[in-house]
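Those protein sequence lines, which keep their order, are chains A and B.
Position 250 of the first sequence, counted from 1, bears residue number 250 in my numbering, the numbering being contiguous throughout.
Position 163 of the second sequence, counted from 1, bears residue number 163 in my numbering, the numbering being contiguous throughout.
Data block below; observations after.
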Amino acid sequence: MRDVLPGLLIAVPLLGAALVPLLATLSRRTTRVPALALHAAIFAAALGLFGSAATAGPIRYAVGGWPGPWGIELWFDGLSTLVAVLVAGMACFASFAQTFGPERDGTATASPLREGLLRGALLLLVGGLLGIVATRDVFNLFVFLEISSLAAYTLVASGGGRATVAAFRYLLAGTAAGSLYLFGVGFLYALTGTLNMDDLAARLPTIEADAALTVAVVLIAVGLSIKAALFPLHGWLPDTYVYTPTPAAGFIAAVMAKVSAYALLRLLGEVLAGTAAGAVVLDVTLWLGVAGVVVGGVLAVAQRAVTRMLAWSSISAMGMILIGVGMGSALAITGALFHMAAHALAKGCLFFGAGGIRASGDGDEVERWAGLGARAPWTLAALTVAALSMIGIPPTAGFFSKYYLLSASITAGGPAGIAAFAAILLSSLLATVYFLRVLEAVWFRTPGGAPDAAASGEPPAARDRQPRSVLPRPLAAPVVGLAVLILLTGIFAAPFERHVLPDWESGTARIAAAAP
Amino acid sequence: MTEIVSLRPLLAVGAGLAAVLPILLSGRRPALREGWTFAAGAVQLGAAISMLPAAFAGAAHLSPALPLLPGMPLQFRADPLGLLFLTLSSILWLATSSYSVGYLRSLGLKHQTGYFAAFAAAVAAAAGVALAANLVTFLICYEVLTLATWPLVVHKRTSGVLGSGRAYLAYTLIAGQLLLGAVVWAGTLAPGAPFTPGGFLAGTASDGVLRVLFVLLLVGVGSKAAVFPLHGWLPAAMVAPTPVSALLHAVAVVKAGAFGVLRLTGWVFGPDLMHDLGLGLPLALLAAGTVLMASLRALGEDHFKRRLAYSTIGQLSYIVLGGAIGTPLALAGAAFHIVAHGFLKITLFFCAGSVYAATGREHISQLGGLGRAMPFTFAAFAVGAVGMAGVPLLPGFISKWNLALGALDDHQVWVVALLVVSGLLNLAYYLPILRIAVFEPGDGRRVREPSAWLVAPPVFAALAAIMLGVAPDAGARFWFLAESAAVSVAAHAPQFLTGGPP
Chain A
1 MRDVLPGLLI
11 AVPLLGAALV
21 PLLATLSRRT
31 TRVPALALHA
41 AIFAAALGLF
51 GSAATAGPIR
61 YAVGGWPGPW
71 GIELWFDGLS
81 TLVAVLVAGM
91 ACFASFAQTF
101 GPERDGTATA
111 SPLREGLLRG
121 ALLLLVGGLL
131 GIVATRDVFN
141 LFVFLEISSL
151 AAYTLVASGG
161 GRATVAAFRY
171 LLAGTAAGSL
181 YLFGVGFLYA
191 LTGTLNMDDL
201 AARLPTIEAD
211 AALTVAVVLI
221 AVGLSIKAAL
231 FPLHGWLPDT
241 YVYTPTPAAG
251 FIAAVMAKVS
261 AYALLRLLGE
271 VLAGTAAGAV
281 VLDVTLWLGV
291 AGVVVGGVLA
301 VAQRAVTRML
311 AWSSISAMGM
321 ILIGVGMGSA
331 LAITGALFHM
341 AAHALAKGCL
351 FFGAGGIRAS
361 GDGDEVERWA
371 GLGARAPWTL
381 AALTVAALSM
391 IGIPPTAGFF
401 SKYYLLSASI
411 TAGGPAGIAA
421 FAAILLSSLL
431 ATVYFLRVLE
441 AVWFRTPGGA
451 PDAAASGEPP
461 AARDRQPRSV
471 LPRPLAAPVV
481 GLAVLILLTG
491 IFAAPFERHV
501 LPDWESGTAR
511 IAAAAP
Chain B
1 MTEIVSLRPL
11 LAVGAGLAAV
21 LPILLSGRRP
31 ALREGWTFAA
41 GAVQLGAAIS
51 MLPAAFAGAA
61 HLSPALPLLP
71 GMPLQFRADP
81 LGLLFLTLSS
91 ILWLATSSYS
101 VGYLRSLGLK
111 HQTGYFAAFA
121 AAVAAAAGVA
131 LAANLVTFLI
141 CYEVLTLATW
151 PLVVHKRTSG
161 VLGSGRAYLA
171 YTLIAGQLLL
181 GAVVWAGTLA
191 PGAPFTPGGF
201 LAGTASDGVL
211 RVLFVLLLVG
221 VGSKAAVFPL
231 HGWLPAAMVA
241 PTPVSALLHA
251 VAVVKAGAFG
261 VLRLTGWVFG
271 PDLMHDLGLG
281 LPLALLAAGT
291 VLMASLRALG
301 EDHFKRRLAY
311 STIGQLSYIV
321 LGGAIGTPLA
331 LAGAAFHIVA
341 HGFLKITLFF
351 CAGSVYAATG
361 REHISQLGGL
371 GRAMPFTFAA
381 FAVGAVGMAG
391 VPLLPGFISK
401 WNLALGALDD
411 HQVWVVALLV
421 VSGLLNLAYY
431 LPILRIAVFE
441 PGDGRRVREP
451 SAWLVAPPVF
461 AALAAIMLGV
471 APDAGARFWF
481 LAESAAVSVA
491 AHAPQFLTGG
501 PP
């Protein structure tokens, strides 16, 4: 199993991306079942690799039988399989929700072919992201970065209208990011003559520290930081998240920026950690993460539209993840990865929910959400769990990731540690403000903006005339499912730590040992 | 202390939690819905009682640990202090539930299903706070408690009420974040340490760090305990229905805060360390200031429930005071005051609610004539009022007496003066209520006692208080629990050990 699964994990989504639209053209029927089956298979493969890496140690897979440092290698340890599971799992939910199709505002028409193409784009996106997660080759990483970006532009633009503009903006930012990264890789290749990460890590210490190396490190860091929406390089994010059609928004908001943050972690934390420039860049990342946490939180408070508020809260959360990356201790990395998982589950849940509510005509402003809790208690209860996880209230997953990051900040100490500590606590408070405003409207106010005027009288008759459901079922199921996962992840997180931490420690130790 | 690994602590915490979903699902059948509440209350009380014999024998039930974080398991332990709080909250939950049924029905309030569900969640969280074996478990239950009580506070759903709810959350959640920071910090200093009688932080960090940590933890738990200047939310939260106020004050939120202060001073820092760091006296002075401030504010307050709220702020500061002094007798008095204040204050709130349910009156100046019209209610009120002031044969006397003795052990003579002054102030703001109700004429409208659902609970609570005052060591043996909790702490602080309790 360890021999074939790594290859299949990347190959299945890429092949599926071509097959599903083809199938749609040929059969002119919905491609829901085949696409869902493919996603389930990918998820199963990711889970299998996770289990295998946990029980039998990390897997090194040489693509096409060409071993490194010349061939392309894939590397599956606790960290990468975890992110892969996250990506593949969220993709299952997104694929399930994708049946729900275009927004109901009539900007796009549903046809089997169009649906098939969008399903293909989602598969392509998943393939690209899994490639970024697994690859051990810095140029190959660029290729997967572009694959995933192109698929994402398609999905964003499929909303039509303002989504097209958002997609174009995203494309400009993404292209700049990809180019900067590629330049950086070019410099590294010129300096060391290798593209394999392990080989790079081994050779870099022998290189004279000069301007070219510094430029390479900075270019790579800036490129990936744009994709990871690190403050102040986050400009593309809010519009993209707000205007992307719902199922895709749930997936993109949940995992895309995080996979880039993961790549940043791999390159800066592992491969380039030994260089002087790498250490400085990590420090800068930490401070920018602190700034992003605060700025994202403050601007989220300022928003009236729920989806835009969620987008700014994502910038805050990415800041938090990058604080962990910048800090670099094993505890901090665990916190960062845990926060990736917690935030992906919660943000996916919230975007599925908020986008779906917007699409079904209940609007996007906090005031218009008043009284939704009475109409759809289960869905809104699920969204409440996700919101509590974003705030960091126990026993949801968000509490535990914050615990790790706070713990790491205290252990790190110094000005940076204290700043990170304060910023994380402050971000929880800001999240309290902006999420409890929503929860108050949902549960304790009645439609019409005014609080319950008829506190002692009859409930307004209008409530009974309104439709019962606020979400189409293909969206409601993922929302509730994700909420359950948020609770379970929080409580049963111990294996996580047992599994991920040692792999990170042995990985960095191995690289340190390989250096002469 | 010997420990028995068993599932009973989990049962005590889980009973209320397990009832939440059935309550929500049986919203259309009120009798069944309230049946779930009573069933959960009975299970919780049964679990508490079943753990008492072990505590009497000097052992403690300990739940299996669920590993959550590095070295920080989710775990519950029924030590004497926790068991004291758990038993109290179980008894009072049952009383409050029956009172709630009468109150909600007689006033025809809406959202009853959500009310009972949130109530069950809040009591479960309070039970979790009581039995938490370490800081992380405590923090988790504490935050759940905050959120579970929010729907109860904003039950009326008007704009003003939602505003009060925001004030409540602002205080408690900000404090919760500080508590989180402090818990994480303590977790890095002493990884995985459970609550230990006598504290576990000694020698883990420099004095300065420990002082900062103490302040953070104190603000975290003290804001729920409404210690001055963090008390602002409590009078505002009086917008809640009366049974909720009763629960908030007697058991759940405020009392959980005071309980947290005791855990902090006795089981995290410990009297020795507090003494070495010079933290005891400032905290005692803060508590004393709160007592006086709250009593003076209560004198000038005409709103019935808000006067009771200020009284709570003052009374709970006795508990903080006991924790700050840290001698065995002071700790025992403070722990016993958790129970004493619980029974007395719930009586007073029940009476205020009965008045509101029967007449719609919320202000003390409007109470004229009600004493004769509602004899049972006001008889119970009289017991609660004089009990609060510390009159002998009522439980408030026992806690204050031991607090005073404990303070003298530490040569803090001023505490005795404070207790006397505060007792007089108590009488000064409670007796006028009785005077108006009994001696001033009514407005001529006929008033009768409300239904038995509303009369029985305050009478029961008042009788229980009398029993507790006469024989504090009967039944659940609350005094024994308070004393053994104090002794377990003192055993680790020998310099304060100055003879046994009376």
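Glycine included, each C-beta is placed from N, C-alpha and C at the ideal position.
Computed from a predicted model, the values in this text were never measured in an experiment.
Shown here for A:A35: same chain residues with a beta carbon closer than 6 Å to its own, the five before and five after excluded, namely V20, S95 and R119 in chain order.
Residue pairing for A:W75: DSSP places it in a beta bridge opposite A:R60. If the five residues before and after B:L216 are omitted, its C-beta is found closer than 8 Å to the C-beta atoms of L178, L179, G181, A182 and W185, all from its own chain and listed in chain order. Listed by position along chain A, the residues whose Cβ is nearer than 7 Å to that of B:E143 are I393 and P394. In summary, the residues of the stretch 418-445 of chain A whose CB is separated from some CB of chain B by less than 8 Å are F421, L425, S428, L429, T432, L436, E440, W443, F444 and R445, in the order they occur in the chain. The continuous beta strand (DSSP E) containing B:I4 extends over residues T2 to V5. Separation of A:L82 and A:K258 (C-alpha to C-alpha, rounded to the nearest whole angstrom) is 12 Å. Counting along the chain, B:M72 sits inside the beta strand (DSSP E) bounded by residues M72 to L74. When beta bridges are read from the DSSP output, B:L69 appears opposite B:M72.
Under a 10 Å Cβ-count criterion, B:W36 is classified as buried, with 16 or more other Cβ atoms of the shown protein chains found around its own Cβ.
At least one CB of chain A lies nearer than 8 Å to the CB of B:G181. A check of alpha carbon separations from B:W93 across B:A120, B:L83, B:P80 and B:L74 identifies B:A120 as the nearest.
Secondary structure in the stretch 73-143 of chain B: the alpha helix (DSSP H) runs of 4 residues or longer, each lying completely within the stretch, are 80-107 and 112-131 in chain order.
Taken through DSSP and simplified to helix, strand or coil, A:H234 comes out as coil. By the neighbour-count criterion, in which a residue is buried when 16 or more other Cβ atoms sit within 10 angstroms of its Cβ, B:G371 is buried.
With the rule of 3 Cβ pairs closer than 8 Å, the stretch 290-304 of chain A counts as touching the stretch 420-430 of chain A. Under the Cβ criterion of 8 Å, A:S407 is counted among the residues facing chain B. Within the same chain, I436 and A437 come within 6 Å of B:L367 by CB-CB distance, once the 5 residues on both sides are set aside. A:F50 counts as buried, since at least 16 other C-beta atoms from the protein chains shown sit within 10 angstroms of its C-beta. Against chain A, the beta carbon of B:V184 has neighbours under 8 Å at Y403, L406, S407 and I410, listed in chain order. Residues A212 of the same chain have their beta carbon placed closer than 8 Å to that of A:A190, with the five preceding and five following residues left out of the count. Inclusion of B:L321 and B:V416 in the CB contact set at 8 Å is not warranted, their separation being larger than that value. Secondary structure at A:R445: strand, using DSSP grouped into helix, strand and coil. Considering only B:P191, B:Y115, B:S164 and B:T113, the residue with the shortest C-alpha distance to B:L135 is B:P191. Sixteen is the threshold: when 16 or more other Cβ atoms of the shown chains lie within 10 Å of the Cβ of B:T96, as they do, the residue is buried. When the five nearest sequence neighbours on each side are left out, the beta carbons in the same chain lying within less than 8 Å of the beta carbon of A:H234 are those of G292, G296, I315 and M318, in order along the chain. The beta carbon of B:V219 does not come within 8 Å of any beta carbon belonging to chain A, so the residue lies off that interface. If one requires a minimum length of 4 residues, the alpha helix (DSSP H) runs lying completely within the stretch 310-358 of chain A are 330-357, in chain order.
Residue range A59 to L62 is occupied by the beta strand (DSSP E) that includes B:A59, with no alpha helix (DSSP H) assigned at that position.
Taking a cut-off of 8 Å on C-beta distances, the stretch 324-338 of chain A does not touch the stretch 347-355 of chain A, as fewer than three cross pairs fall below it.
Contacts with chain A (Cβ-Cβ distance below 8 Å) from the stretch 184-207 of chain B involve V184, W185, G187 and T188, listed in chain order. Distance from B:V254 to B:A225 at the Cβ level is roughly 6 Å; contact confirmed, criterion being Cβ atoms closer than 8 Å. Proximity of B:V154 to chain A, defined by a Cβ-Cβ separation below 8 Å, is satisfied. Taking C-beta separations shorter than 7 Å and ignoring five residues to either side along the sequence, the partners of B:F460 in its chain run A95, following chain order.
In summary, the residues of the stretch 165-180 of chain B whose CB is separated from some CB of chain A by less than 9 Å are G165, R166, L169, A170, L173, I174, G176, Q177, L178 and L180, in the order they occur in the chain. If you ignore the 5 residues before and after B:H231, its C-beta comes within less than 6 Å of the C-beta of I313, all in its own chain and listed in chain order.
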